[in-house]
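Contents: one structure, followed by commentary.
2 protein chains.
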Amino acid sequence: MDSKPNIQDVARLADVSIATVSRVINNQGGVRKQTEERILKAIEELGYIRNAAARTMKSRETKTIGVIVPDIKNPFFPLVMAGIEQKAREKDYFTILSSTNESPIVEEKIIKNFIERGVDGVIITTANENGGHLKLLKEQNIPVVAVDRIIKSFDVDTVLVDNVKGAYQAVQHLILQGHRNIAIICGPQNTTPGFERYIGYKKALEDYNIPLDESLVVQGDFGEQSGYLATKRLRDLRQRPTAIFSSNNLMTIGCMKALEELNWKLGEEVSFIGFDDVDIATFLNPKLTVVARPMNTVGEIAFMFLYERIQFKGALPKRQYSLPPELIVRQSCRLWEK
Amino acid sequence: MDSKPNIQDVARLADVSIATVSRVINNQGGVRKQTEERILKAIEELGYIRNAAARTMKSRETKTIGVIVPDIKNPFFPLVMAGIEQKAREKDYFTILSSTNESPIVEEKIIKNFIERGVDGVIITTANENGGHLKLLKEQNIPVVAVDRIIKSFDVDTVLVDNVKGAYQAVQHLILQGHRNIAIICGPQNTTPGFERYIGYKKALEDYNIPLDESLVVQGDFGEQSGYLATKRLRDLRQRPTAIFSSNNLMTIGCMKALEELNWKLGEEVSFIGFDDVDIATFLNPKLTVVARPMNTVGEIAFMFLYERIQFKGALPKRQYSLPPELIVRQSCRLWEK
DNA sequence: CCCCTAATTGAAAACGTTTAGATTTTTGTC
DNA sequence: GACAAAAATCTAAACGTTTTCAATTAGGGG
Numbered sequence: 001m002d003s004k005p006n007i008q009d010v011a012r013l014a015d016v017s018i019a020t021v022s023r024v025i026n027n028q029g030g031v032r033k034q035t036e037e038r039i040l041k042a043i044e045e046l047g048y049i050r051n052a053a054a055r056t057m058k059s060r061e062t063k064t065i066g067v068i069v070p071d072i073k074n075p076f077f078p079l080v081m082a083g084i085e086q087k088a089r090e091k092d093y094f095t096i097l098s099s100t101n102e103s104p105i106v107e108e109k110i111i112k113n114f115i116e117r118g119v120d121g122v123i124i125t126t127a128n129e130n131g132g133h134l135k136l137l138k139e140q141n142i143p144v145v146a147v148d149r150i151i152k153s154f155d156v157d158t159v160l161v162d163n164v165k166g167a168y169q170a171v172q173h174l175i176l177q178g179h180r181n182i183a184i185i186c187g188p189q190n191t192t193p194g195f196e197r198y199i200g201y202k203k204a205l206e207d208y209n210i211p212l213d214e215s216l217v218v219q220g221d222f223g224e225q226s227g228y229l230a231t232k233r234l235r236d237l238r239q240r241p242t243a244i245f246s247s248n249n250l251m252t253i254g255c256m257k258a259l260e261e262l263n264w265k266l267g268e269e270v271s272f273i274g275f276d277d278v279d280i281a282t283f284l285n286p287k288l289t290v291v292a293r294p295m296n297t298v299g300e301i302a303f304m305f306l307y308e309r310i311q312f313k314g315a316l317p318k319r320q321y322s323l324p325p326e327l328i329v330r331q332s333c334r335l336w337e338k
Numbered sequence: 339m340d341s342k343p344n345i346q347d348v349a350r351l352a353d354v355s356i357a358t359v360s361r362v363i364n365n366q367g368g369v370r371k372q373t374e375e376r377i378l379k380a381i382e383e384l385g386y387i388r389n390a391a392a393r394t395m396k397s398r399e400t401k402t403i404g405v406i407v408p409d410i411k412n413p414f415f416p417l418v419m420a421g422i423e424q425k426a427r428e429k430d431y432f433t434i435l436s437s438t439n440e441s442p443i444v445e446e447k448i449i450k451n452f453i454e455r456g457v458d459g460v461i462i463t464t465a466n467e468n469g470g471h472l473k474l475l476k477e478q479n480i481p482v483v484a485v486d487r488i489i490k491s492f493d494v495d496t497v498l499v500d501n502v503k504g505a506y507q508a509v510q511h512l513i514l515q516g517h518r519n520i521a522i523i524c525g526p527q528n529t530t531p532g533f534e535r536y537i538g539y540k541k542a543l544e545d546y547n548i549p550l551d552e553s554l555v556v557q558g559d560f561g562e563q564s565g566y567l568a569t570k571r572l573r574d575l576r577q578r579p580t581a582i583f584s585s586n587n588l589m590t591i592g593c594m595k596a597l598e599e600l601n602w603k604l605g606e607e608v609s610f611i612g613f614d615d616v617d618i619a620t621f622l623n624p625k626l627t628v629v630a631r632p633m634n635t636v637g638e639i640a641f642m643f644l645y646e647r648i649q650f651k652g653a654l655p656k657r658q659y660s661l662p663p664e665l666i667v668r669q670s671c672r673l674w675e676k
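Here the protein sequences come in this chain order: A and B. The opening residue of the first sequence carries number 1 in the numbering used here; numbering runs sequentially from there. The opening residue of the second sequence carries number 339 in the numbering used here; numbering runs sequentially from there.
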């Protein structure tokens, strides 16, 4: 009653050996029905729960995967996490989540702890794309899947959202509505998302034979303030854009603030598309058209990649999956006729 | 090289017994400096990482706490989680997070799994306040802290935000600005938050000798649509309110939509305070005054409660902590002079 | 009723730690 | 340099499983 019952206690009560109990617990078959029932009853009676630590020690499996994110407070990650968890649950895996606060040092500590705990695999959005601090994982030969950010120094499966395509779709949508003067508020060009979204923008213009107007390319830093300033700058141009594409959520918010302040009518005087859906999108009037990322799917695929790696220990080739973002058309873009 | 080095390998290389290695690993002292250095070198050389499973088996401690939330996609919980994680990290604890999707059945499975894994304690926002499905935790004598939702059928430490006080502060703020006709959009009265926030509203009116006007009390269901409808209803009153208090975030959003539609000028014709901060709050014009809950602190306190329970196995009395919500004054309320 | 095969069951050895309790080494004192 | 006390180290026994291989039992054909 006081201390937890173990497999011994069950065996004793059911009058069998622990081996047989183990077989029943793990559904391995080869136990007479009558015996099995007796054991099941004993388990029930004692309230026996198997001990994962002991089991892990033998089987070298924990059925646990570690998930590392840079910032749990960023809504992107809980949504990805939900996808991971859903698939993991299906396969009887459990997840351990830790957040690094964008610190590679914390990240390394977490990894060490994960290894101590014997995670079967790791899904990570690293705080440092160079990945030198991830060498422990490589050494231990633990399957890893990178999400949203690549890891340069070592080959792992990667799940990304296709930034180029997303930006392309957005700009294409504007072009097809007749816009020619389309501005972009860029993210930092030394980050993958910032750079790639700009590439998508350029590509769309090229494909439709619209010359790139440098004055419509405004640099931002993914922060709200920069979106605000960029928008003001655009307003001041001789040749104002008729449409704006913002490279991320926070800059979208800054942009909206500027628009209102300048009384630059959204959806009428200027069309708008933002990368990443934002909470305010459906609240604004008109509602914002955005390129949304399928967070849940990202998580699902990340888990499935990891799962496959865990199953086939063999060296699969490195894979990369680029998910297409989705253009959600609301009301912030209108046809533009000269 | 192929399989993980264990304490044996370290001992062999350092030419000591495993007991001594163990002592060094755990900083227990009583090892000559010279020996310690030799062992440390061996550990380094082999890349030895200790095995949590084996260690758990002996010490019956995992330094792990389980966190159960009903919906990881609801931003409230990641924020609480961040607080938990922060404190946990300080104390060298790790967290396992699982989301139940509001299903008591999933919740029970998670609990069983947590127990198998030997978590030292559990922090939970249960999917079912009755708590009958939590009996395993009680049986196993595992410390539990309830967050945001109470557990009726069994006595555990509880961390709540003081709903009564929060609502009281909001309404008081309105009263002190001269408002007398203050409406409330209620949440469901059979839920703790819904009921308590209404109580706070009533109490404030009483304390300032303002008679309760039933027509200003509108029932909602915490959903956006109900906030929208409630607002329309209020507008139709002969005696319109000069201020509105909304009981939660989603209803606040509905309310805002209605206000705009009705062209009922926020902050001028009608003052407003909402329970719970919302992303759009600072985006609207005027910015919304709200009662905000200190999510991070909730998490921190929850962990500290749990930690104390884990330390003193003894039976502490059941504790309950009500955190004061914070009134964040922005611009949606104005002085009202008759 | 006996024997052979197949189906069950059991005994015992890991897995990698921690930790008493025993043993050895060091240190200090005379 | 001998002796006791203190410090350092070691031996060995758990912890609760899984799993191999051996032993036992059941089932069936003759």
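By construction, the Cβ of each residue, glycine as well, lies at the ideal position given by its N, Cα and C atoms. Since this is a predicted model, take the numbers as computed values, not measurements.
Check                                                                                                                            : Outcome
Distance, R573 of chain B Cα to S436 of chain B Cα                                                                               : 43 Å
Near-chain B residues of the stretch 61-75 of chain A (beta-carbon distance less than 7 Å), N- to C-terminal order               : I72, K73, P75
DSSP-derived helix/strand/coil call for L435 of chain B                                                                          : strand
CB contact check: M1 of chain A to chain B, cutoff 8 Å                                                                           : With a pLDDT of 43 at M1 of chain A, under the threshold of 50, the predicted position of this residue should be treated as unreliable, and no value is reported.
Closest by C-alpha distance to E269 of chain A, when choosing among A:R334, A:N141, A:G223, A:G187                               : A:R334
CB contact check: M81 of chain A to chain B, cutoff 8 Å                                                                          : yes
Any 3 or more C-beta pairs closer than 8 Å across the stretch 423-442 of chain B and the stretch 639-651 of chain B              : yes
Listed by chain order, chain A residues near M395 of chain B by CB distance under 8 Å                                            : N51, A53, A54, M57
Outcome for K63 of chain A when other beta-carbon atoms lying within 10 angstroms are tallied against a minimum of 16            : buried
Within chain B, the residues that E139 of chain A reaches when beta carbons sit closer than 9 Å                                  : G385
Neighbour flag for E196 of chain A against chain B, beta carbons, 8 Å                                                            : no
E664 of chain B in three-state terms, based on DSSP                                                                              : strand
Secondary structure, beta strand (DSSP E): runs of 3+ residues fully inside the stretch 480-543 of chain B                       : 482-485, 495-499, 520-524
Neighbour flag for N451 of chain B against chain A, beta carbons, 8 Å                                                            : yes
Of the residues B:E477, B:K540, B:V407, B:R518, the one placed nearest V444 of chain B, counting alpha carbons only              : B:V407
Span of the beta strand (DSSP E), counted from its first residue to its last, around I406 of chain B                             : 402-407
Of the residues B:V460, B:E675, B:V359, the one placed nearest M419 of chain B, counting alpha carbons only                      : B:V460
For G121 of chain A, three-class secondary structure by DSSP                                                                     : strand
Alpha-carbon to alpha-carbon, P632 of chain B and L661 of chain B                                                                : 8 Å
Close Cβ partners of G565 of chain B (< 7 Å) along its chain, the five nearest in sequence each way excluded                     : I523, G558, S584, L588, M589, T590, I591, G592, C593
C-alpha gap between G637 of chain B and L417 of chain B, whole angstroms                                                         : 8 Å
For Q368 of chain A: DSSP bridge partner residues                                                                                : Past the edges of chain A, shown from 1 to 338, lies residue 368 of chain A, and the structure says nothing about it.
Between the CA atoms of K396 of chain B and V16 of chain A - distance to the nearest angstrom                                    : 26 Å
Beta-carbon gap between F492 of chain B and G469 of chain B smaller than 8 Å                                                     : yes
Buried versus exposed, by CB contacts within 10 Å (16 or more), M339 of chain B                                                  : Low local confidence applies: a pLDDT of 44 at M339 of chain B is under 50, so the model's placement there is unreliable, and no value is given.
Per-residue DSSP class, three states only, for Y386 of chain B                                                                   : coil
Exposure of N285 of chain A, with buried meaning 16 or more beta-carbon neighbours within 10 Å                                   : exposed
Inter-residue Cα distance where the pair is T74 of chain A and T100 of chain A                                                   : First, the residue type needs correcting, since residue 74 of chain A is Asn and not Thr in the sequence shown. Between N74 of chain A and T100 of chain A, the C-alpha separation is close to 12 Å.
Residues sharing a beta bridge with Y321 of chain A, DSSP                                                                        : A:V159
Beta-carbon proximity list for V218 of chain A, same chain, < 8 Å, skipping 5 on both sides                                      : A183, I184, I185, C186, A230, R233, L234
Per-residue DSSP class, three states only, for T126 of chain A                                                                   : coil
Own chain residues within Cβ distance below 6 Å of F641 of chain B, not counting five before or after                            : I422, K425, A426
Residues of its chain near F414 of chain B, where Cβ-Cβ distance is below 7 Å and the 5 sequence neighbours each way are ignored : M633
Exposure of G368 of chain B, with buried meaning 16 or more beta-carbon neighbours within 10 Å                                   : exposed
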